[in-house]
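If you're matching positions, the sequence shown starts at 387 in this note's numbering and goes up one per residue. Reading through the structure tokens given below for one structure.
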Amino acid sequence: MISTLLTFLAVGIVSLVVVWIVLSVVGTLLGLTLGIAGFLLFKVGPIMLLGWVVLKLVSKVRKRGALSASDRRWLESD
């Protein structure tokens, strides 16, 4: 009877330690994931958005469909 109770106690302690280790690993991975996502969203994202807007404005000003004379000569040189 006492050996059964001690076995249940040992299994309970081992399961608590295993759950604690698993939750620690999951928490660490979640923290890293959220840190990387925050960095990309708040540091890299605005710079990429600004670059995209600048490219759109430059392409409208430059009339992207029109080729310069030097571009035409380079393309037709083949």
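We put the beta carbon where it would ideally sit given N, CA and C, even for glycine.
Using the C-alpha atoms, what's the distance from Val439 back to Gly417? Each residue's Cα considered, the two are about 32 Å apart.
Specify, as a first and last residue, the run of the alpha helix (DSSP H) that Val444 falls within. Run containing Val444: Gly431 to Arg448, per the alpha helix (DSSP H) assignment.
Where Phe428 and Leu415 are concerned, what is the direct C-alpha to C-alpha distance, given to the nearest angstrom? A straight-line Cα-Cα distance of about 20 Å links Phe428 and Leu415.
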